[in-house]
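Chains as they are written, first to last, in the numbering used here: chain A, 509 to 654; chain B, 509 to 654.
Using N, Cα and C, we set each Cβ at its ideal position, and we do this for glycine too.
Predicted model, so just to flag it, every value in this text is computed and none were measured.
Please read the structure below before turning to the comments.
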DNA sequence: ATTAAATTTAGAGTTAACTCTAAATATATA
DNA sequence: TATATATTTAGAGTTAACTCTAAATTTAAT
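Below, the structure written as structure tokens:
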């Protein structure tokens, strides 16, 4: 009915070192210890880890994640702060996704460029390809609108 | 017809310190110096910076970015290596985008959860909301299929 | 009951990517 | 031409997030 730190780490794709580090940093105040002092992760604890992973994966620092967890411990008085935090994180995430979309366009250009270069065995010919030159200007020119 | 390091930094949203650091790490072998030793960034150099930013923004280490730049300096013999590198980076990027999409679902759940909690002034009532409980199980349960 | 594997702690060490400093030189502004 | 601002270098310092170690204790496997 509970997971050892090793089992929890495996489920989350983390190391036990990392989980103990998170605990030391105050990110896992909800994880209980057994009579002999071993950490026992419940299913609910695993859900906390999923939230931590989500915030970390969207670029939040461990310090700010701890802030959120502290607000949770404080109770209902912090509900609006937590709501605002997730709204801000959603905005940040949507900006990240838009940024990645632009990176994808650049990488697709490079793949097209090097695919042509590979065919002809040289980049010189590709530099005279009008379509790729126009795409390059559109996608990479720093003086275009951001 | 060329940018100073300060102008280049401003255009890229970086600091001059960072550009000099990149240069020291071998990422900017193409940037020329003026007669008196000042770096002069051409438009083409700015395009290199855009590529570096793209690779960095999609999670490539500066060390691996340098590897790519070294291949470019080596010439046509490395075209296929460069093509494969961008294909790998595209795969990585698509995985990242899928991951962010999943994070967005989690954050949207949290916003729905705390919006309800904010209305009632307490999280307790929300925990009895059947729809949110089902969504929580679907979105956060570690034992569901990844 | 042995043995092997996992866990505990405190604390030291590592890594990547900056970030800053100081003193000298160069460039732009009034 | 003064003065202010920008740039140069080498090298030191910082930060976040791990990552590892060692010695003791606990748990699981035979």
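Close beta carbons around residue i, own chain, < 6 Å, minus the five adjacent residues each side
i	result
residue 590 of chain A	579
residue 524 of chain B	513, 514 and 517
residue 570 of chain B	533
residue 521 of chain A	none
Residue i vs residue j beta-carbon contact at 8 Å
i	j	result
residue 601 of chain B	residue 605 of chain A	no
residue 577 of chain B	residue 626 of chain A	no
residue 614 of chain B	residue 619 of chain A	no
residue 566 of chain B	residue 530 of chain A	no
residue 550 of chain B	residue 510 of chain B	yes
residue 554 of chain A	residue 650 of chain B	yes
residue 621 of chain B	residue 640 of chain B	yes
Counterpart residues of residue i in DSSP-defined beta bridges
i	result
residue 540 of chain A	A/548
residue 511 of chain B	B/549
Close beta carbons around residue i, own chain, < 8 Å, minus the five adjacent residues each side
i	result
residue 552 of chain A	538
residue 541 of chain B	547 and 548
residue 647 of chain B	613, 614 and 617
residue 628 of chain A	634
residue 597 of chain A	563, 566 and 568
residue 526 of chain B	517
residue 643 of chain A	617 and 620
residue 581 of chain A	537
residue 583 of chain A	none
Any non-hydrogen atom of the ligand HEM within 7 Å of residue i CB
i	result
residue 625 of chain A	For the ligand HEM, the structure offers nothing, since it holds no ligand at all.
Own chain, CB closer than 7 Å to residue i, minus 5 neighbours either side, in chain order
i	result
residue 630 of chain B	none
residue 574 of chain A	533, 534 and 535
residue 637 of chain A	624
residue 603 of chain B	none
residue 593 of chain A	576
* **Contiguous beta strand (DSSP E) assignments of at least 3 residues, all confined to the segment 552-634 of chain A** => Entirely contained in the segment 552-634 of chain A, not one beta strand (DSSP E) run reaches 3 residues.
* Asked: If contact means a Cβ-Cβ distance below 7 Å, which residues of the segment 525-539 of chain A contact chain B?
  -> For the segment 525-539 of chain A, which is checked against every Cβ of chain B, not one residue is closer than 7 Å.
* Taking Cβ-Cβ distances below 9 Å as the criterion, which residues of the segment 553-571 of chain A are in contact with chain B? -> Contact residues of the segment 553-571 of chain A toward chain B are 554, 555, 557, 558, 559, 561, 562, 563, 565 and 566 (C-beta to C-beta distance below 9 Å).
* Near-chain A residues of the segment 574-590 of chain B (beta-carbon distance less than 7 Å), N- to C-terminal order -> Those would be 584, 587, 588 and 590, in chain order.
* What residues from the segment 624-645 of chain A come within 7 Å of chain B, judged by C-beta to C-beta, listed N to C? -> 625, 626, 629, 630 and 631
* Compile a chain-ordered list of the residues in the segment 512-526 of chain A whose CB is closer than 8 Å to at least one CB of chain B. => 519 and 520: these are the residues of the segment 512-526 of chain A whose beta carbon lies less than 8 Å from some beta carbon of chain B, given in chain order.
* Asked: What residues in the segment 600-612 of chain A have a beta carbon less than 7 Å from any beta carbon of chain B?
  -> The segment 600-612 of chain A vs chain B, Cβ under 7 Å: 601, 604, 605, 607, 608, 611 and 612.
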